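This report concerns only the one structure given below.
Chains as they are written, first to last, in this note's numbering: chain E, 15 to 287; chain L, 15 to 287; chain P, 15 to 287; chain Z, 15 to 287; chain F, 15 to 287; chain Y, 15 to 287.
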């Protein structure tokens, strides 16, 4: 399970899971499509700061976890184990979802390794539901599950524009710091002490920029704003995920290419340490 | 026809009419698709200021007017009557077009009830043509018809980027205040004395944000800018319409979801009084 | 070959060539689709400064060059000859690609006529490759070919976000002034002494605004930013091209309409002199 | 709950349920889209035998059941109750799914009323799974559930082309008569004694004819073959469903129009008695 | 207006008109798209009987009529005049619509020149309405108008599957020979004495084969069946039209390519005499 | 390179090559998409004769050849070597293109191993061009190259409907047996003595059934007819390819699913021996 990872590496890992989605399946196919976009020849592997992921030996693709077509606790456990096995080598993990339900086990594995873990959560939804029709592992619930572990220092949410009364109660209960979209400005300072995990739900972006997602929530961030945010926030980035790409809504691969762009930008920051 | 409306209510009303369109039919199907998006489960009914349209008893759907597949004066008269019947109860009306030709009778009904009515018109086109191939009720003419009633205090247009010589003459003749897109800035102050009717043509937005319209006119507003405008202009909002959604160009319902977002934001402002 | 052009005219010219594309064919069909959008009735021919291309006698469509389905040096020579024949009348040329390989012969013809020619190159890619799999005339190479002529005063690139090590070497070698997207701000001053040729690759725009291109490169310019740039840079515009529209990725003609918008705005500036 | 139904009526009923789908949600939105197509003005309401559903008083739309966004036993019970309430008036029921999981409660209600009920099941899949990841109510299981009631005289399946070993075992166990697609011929005689329920899964058709379904299974029936089958089989048709339309894969409403066509043809046969 | 036509030529003519459409505009753009497909390089110009339209001098494109964006009698008169001018040279005309309203003036011009003209009308609709909301020139009415001229020997309709009571009355009144789709067999003999005009509405084909039309009417002809019909019916073909291609529903140009195929097959028969 | 293949195995092999395409790139991405469809969970792995490719140990995926983004002789040589290495183990090869240029080296490798090799070529095009703009290895030329080897016993082409004069000359010269589409009947007997290689170009099917190809050629085979042909022709099948899937025209994966269906049916016949 080590994939020959060592400290300083960045490990790409696919998590093809979507049966916890409440509205539309599809994200299980995202890891394959993001890899296709990364290697499509329509773009190169150089991030905007000049880091060339294709030139370093430290950027390693560790393949997909075996969770396709699974539901319930079993895939959640497999994801936690798969993440833990990779990060215990000292490598940093960049996971490709899957729907957002994968964030719970991914963050749990990181919180176990990195004490005082902070989370920067970029999303249109707070994902703090106590439960959904599909159950407490639904893709609208992961940050409730994460906060219940008691191991998270701070959870900062950016891009939120669907807060309702129940989720506001949950945010208050867990002390979540919510930066609503209507109050967000590109020059906001975001700064953490200690390790940071970045969870990037593509529906944080306006549907104009990321049409290939299950939940279109208008009024979101631009691609440039998210790229800036990735490079600009203060803190030590130790792991990340990119979730909720839905290939069923991506006929020209435009949103897969967007996810691939984020792989390059986040990958470059993870490599820079 | 009262739909049990009372003062303080907000009445949703569909206007499935599009045979006055000059380029492409489709908006007659918009009311059904916007309702589908509102109740799709892909989003909730809470506006960004926390108003939950699903929790109040005052947000009432009064159904569609019977104008489907009609042309000429008859549907125009039916729309005026349908609007008048609803607003005479003291309710405020939020109409879902249909093409923009529906704005003439909708605004006429409001001007009859609200003396000194002002109009905030968000659009890429001035819609001031004296006539079109399809006649003087064409969807490029409604604001000429509205101004000819002599009952409008001020007409302010935002987002315009297709002004030609004829329409400039019309704008001059009617004293329309046009804020061209190239001169528009997000921090422009827009302020009215007295009642305001808001007419929102979705093609005011850049096609990136609202691809599902008949006329793509590049260089427009972002979704966030329109949301801000809805909440920020000064004046008493008494009625509104959202027009020109064309489901034939909306394969993933993204623009229907945008319209549903505006239903929530405008609905919240109409409820707040 | 004169098309009755005289000094002061603006000549539209189609260049239906795409066999130098490395990833996806399609741009050979762009000229026809841009004309279709210009005359579709979904928009008018008035630019945002009020110049009506439909009202002037000086805006002339000189048709398409006979290069369809060609590869290699022959179409390149034909393009150079076609451009030279038009501009020697004193007319200014607005060419519609085709893929970006057409820029090399187009600019060569201009550099021969206009001493000290400057280039404003708006693109996501520097297009400075020495060669590609498809050869040295590939659509990733034209600005290397152009700079090798030794006739260019300055080459300024805006919108770049795919710079890699090889192309950075080329940029250094040729003295290219690159304004990376991450350093770009809407209020940057861009100013030239002497004649300027504008080469506009539609993939400079974010894919949200220009989805109909072969290479989706997220994080780009907005349509409004490009319109502003067209009107705002200082210098004497003497010729221009709009390239890389790919109709195979433009099911609703939205990107063709964007190209048509740029025809109007660039055409207006070329006419204003 | 009677909807003023009487014997001899045909009752249309929507069943917006899809959380039992194993691969892709969407069919919950089908009832609305089929009604939109029926009344779109792009077609009329006359079946091919001349029966005009728009002219008779006996074709009644009884609306949608309240099962949207539900999972598990509760919606199943509601469907059975909704069907029973309608058919006990003597009306015949034409249900619009929803995914195929709705067939179990629909057929159960019919089997309780019509002794010796036969089923004509047109589908690419046998839907005889004992259970699925999503549970025993999954949309691949309904005919196992139906046969377990012991109340079905004969189950005849047409169009099948995905039989695997487990489902063949189930077919053998339940005595299902399977007419594989590769053995099917348009002139096959299909004949029943007694009452017949028709369950039409749109993926029985080749994806060329019905692209708007979750499971594309190539090599299927043509539209004309299904129309002929509807009119030609011998037996007394007492109820029917049309399921598995997925609007997420139906950008131009072509498959919704196909479903509407079947509403007319099946409706005409149900009315003819 | 002669376009240098002489007897024995086949003249292609575009008729970009669609404001008589009742449901969806678009066919005005069809002539341009069919030419694009014919010359796209994705196919050659050889018909299935070996006739190469690209090798003969007798196949001449006479361009588009100037009727774009017109409504009412004026474009109808222009079409009749344009057709008459071409066929009086002895050339045979192959017109590309436009919606089906163009068939009335086209056939009128032919009936004036060819005494005892017969019509083979391939369509899903009888198009015999006395009038529509859009008026008596609507695209559902042309064959009523044609029969009222009293100059037609026989009108034979193939592919019909939307006959309603009103149109059946009209068919009876005019003595139309209707071959319903449900009674059609590929080996039906269709034979005329004297000159024949062929009017091919693309919605005669099943939407599987011709998705790019305004009215999807399932259960239609296959492409192969229509090709066979074109070559197999007995009689002297003297003119033809191909109508109702709607590019707004043809994202990959598949239906434009189908129309181009029919141009080749009909063109070959017109040339063979 | 043996992939642990042994005699009796069937080896799946991807050939991601498309720079020899004359009209549209894309097929290089086909192998990945066909595998995605095969394992998508939207279908199972059982062929229509009951052979379950998922249950046997003899169906082995040997991955993709390293030819992505290559042009000219080098990838052709690699393909021949890759095929030869696999078939020399006694395994039978099922290759997934790529454009049709891959057939030349694939068949060459088979002709070297199987003396007296016959070819069953299912296609809309004869692919017998002596050369193309893109050169003699273009995807319209492979069967000219194959026949020039002098090692082919018989080449039988089915589905052809684009024969022009040059290709007819080539067919005559090489003694190709062409069964034109217009002469094809489902009950035609096709029979070979000795080993047979099957080359299946997806554009042999009508675009209704296989829209996801670069060249839409209307009037083709149905999916059912091709399935029947695969199972029904007489002779010993020793190898096969499935080519010309173009994912850029396959927004819902429908044509990828079609290719996956053919993998199952051809795979079953290759396994049955």
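Cβ atoms here follow ideal geometry from the backbone N, Cα and C, with glycine treated the same way. All values derive from a computational prediction rather than experimental measurement.
Taking 8 Å as the CB-CB cut-off, is residue 58(L) touching chain P?
So no, residue 58(L) is outside the interface.
So residue 275(L) is in the alpha helix (DSSP H); what residue range does that whole segment cover?
Note, residue 275(L): alpha helix (DSSP H), 268-286.
Which chain C residues sit within Cβ distance under 7 Å of residue 275(E)?
Among the protein chains in the structure shown, which are E, L, P, Z, F and Y, there is no chain C.
Report the rounded CA-to-CA distance for residue 246(Z) versus residue 32(E), giving the unit in angstroms.
Straight-line Cα distance between these residues: approximately 42 Å.
Is residue 237(E) close to chain P? Criterion is C-beta to C-beta, closer than 8 Å.
For residue 237(E), the answer is yes, since a Cβ of chain P falls inside 8 Å of its Cβ.
Could you name the residues of the same chain whose beta carbon sits closer than 6 Å to that of residue 188(P), not counting the 5 residues immediately before and after it, in chain order?
The residues are 161.
Using a C-beta to C-beta distance shorter than 7 Å, which residues of chain L count as neighbours of residue 263(E)?
Per Cβ cutoff of 7 Å: 266.
Drop a sphere of 10 angstroms on the beta-carbon of residue 272(F), count the other beta-carbons inside from all chains shown, and report buried for 16 or more, exposed for fewer.
So residue 272(F) ends up on the buried side.
Which term fits residue 205(P), buried or exposed, when burial requires 16 or more other beta carbons within 10 angstroms of its beta carbon?
Looking at its Cβ environment, which holds fewer than 16 other Cβ atoms inside 10 Å, residue 205(P) is exposed.
In this structure, does DSSP put residue 205(P) in helix, strand or coil?
Correct three-state label for residue 205(P): strand.
Is it true that the region 31-47 of chain F meets the region 252-260 of chain Z, where meeting means three or more beta-carbon pairs spaced less than 8 Å apart?
No, because fewer than three Cβ pairs between the region 31-47 of chain F and the region 252-260 of chain Z fall closer than 8 Å, the two stretches do not touch.
With which residues is residue 25(L) paired in a DSSP beta bridge?
Answer by DSSP bridge pairing, in chain order: 74(L) and 107(L).
From 69(Y), 58(Y), 70(Y) and 78(Y), pick the residue whose C-alpha is nearest to that of residue 26(Y); which is it?
Measuring from the Cα of residue 26(Y), the nearest candidate turns out to be 78(Y).
Relative to chain L, which residues along the region 135-152 of chain E have a C-beta separation below 7 Å, given in chain order?
Residues: none.
Can you find the residues in the same chain that come closer than 7 Å, C-beta to C-beta, to residue 42(F), ignoring five residues on each side of it along the sequence?
Excluding sequence neighbours, residue 42(F) sits near 30, 31, 32, 82 and 112.
Is residue 197(P) helix, strand or coil when you go by DSSP?
Looking at residue 197(P) - three-state DSSP - the assignment turns out to be helix.
Less than 8 Å separating the beta-carbons of residue 210(F) and residue 173(F)?
The answer is no: Cβ separation not under 8 Å.
Can you name, in chain order, every residue of its own chain whose Cβ lies under 6 Å from the Cβ of residue 15(L), other than the five neighbours on each side?
Note that residue 15(L) scores 41 on pLDDT, short of 50, meaning its location in the model is unreliable; the coordinates nonetheless yield the value given after this. Cβ within range, chain order: 99.
Around the Cβ of residue 232(Z), are there at least 16 other Cβ atoms within 10 angstroms (buried) or fewer (exposed)?
Looking at its Cβ environment, which holds 16 or more other Cβ atoms inside 10 Å, residue 232(Z) is buried.
I'd like to know whether the C-beta atoms of residue 281(P) and residue 110(P) end up nearer to each other than 8 Å.
Not in contact: residue 281(P) and residue 110(P) (Cβ atoms no closer than 8 Å).
Count the other CB atoms, across all protein chains shown, that sit within 10 Å of the CB of residue 137(Z); report buried if there are 16 or more and exposed otherwise.
With 16 or more other Cβ atoms within 10 Å, it is buried.
So which residues of chain P does residue 188(L) contact, with C-beta pairs closer than 9 Å?
Result: empty, since nearest Cβ-Cβ is about 19 Å, beyond 9 Å.
Buried or exposed for residue 234(Z), please, with buried defined as at least 16 other CB atoms from any protein chain shown within 10 angstroms of its CB.
The residue is buried, with at least 16 neighbouring Cβ atoms inside 10 Å.
Cβ of residue 186(P) within 8 Å of Cβ of residue 114(P)?
In this structure, residue 114(P) does not lie closer than 8 Å to residue 186(P) by Cβ.
Enumerated in chain order, which unbroken segments of the beta strand (DSSP E) with a length of 3 residues or greater are wholly contained in the region 111-193 of chain F?
Here the runs fully enclosed are 131-136 and 166-174.
How would you call residue 265(P), buried or exposed, if buried means at least 16 neighbouring beta carbons within 10 angstroms?
Looking at its Cβ environment, which holds 16 or more other Cβ atoms inside 10 Å, residue 265(P) is buried.
Give a yes or no on whether 8 Å exceeds the smallest Cβ distance from residue 182(P) to chain Y.
Answer no: the Cβ-Cβ gap between residue 182(P) and chain Y never drops below 8 Å.
Quick check on the DSSP output: the beta strand (DSSP E) that includes residue 255(P) runs from which residue to which?
Start and end: 248-257.
Indicate the three-state DSSP secondary structure (helix, strand or coil) for residue 237(F) in the structure shown.
Here residue 237(F) sits in helix by DSSP.
Strictly under 8 Å for the Cβ-Cβ distance: is residue 272(P) near chain L by that measure?
Yes - at least one Cβ of chain L is within 8 Å of the one on residue 272(P).
Short check: CB of residue 108(E) to CB of residue 219(E), under 8 Å?
Taking 8 Å as the Cβ cut-off, residue 108(E) and residue 219(E) do not qualify as a contacting pair.
Return no unless some Cβ of chain Z is closer than 8 Å to the Cβ of residue 46(L).
Output row for residue 46(L): interface = yes.
When you compare only the Cα positions, how much space is there between residue 168(E) and residue 133(E)?
Straight-line Cα distance between these residues: approximately 6 Å.
Buried or exposed for residue 217(F), please, with buried defined as at least 16 other CB atoms from any protein chain shown within 10 angstroms of its CB.
Buried is the call here.
What three-state label does DSSP hand residue 217(L) in the structure shown?
Looking at residue 217(L) - three-state DSSP - the assignment turns out to be helix.
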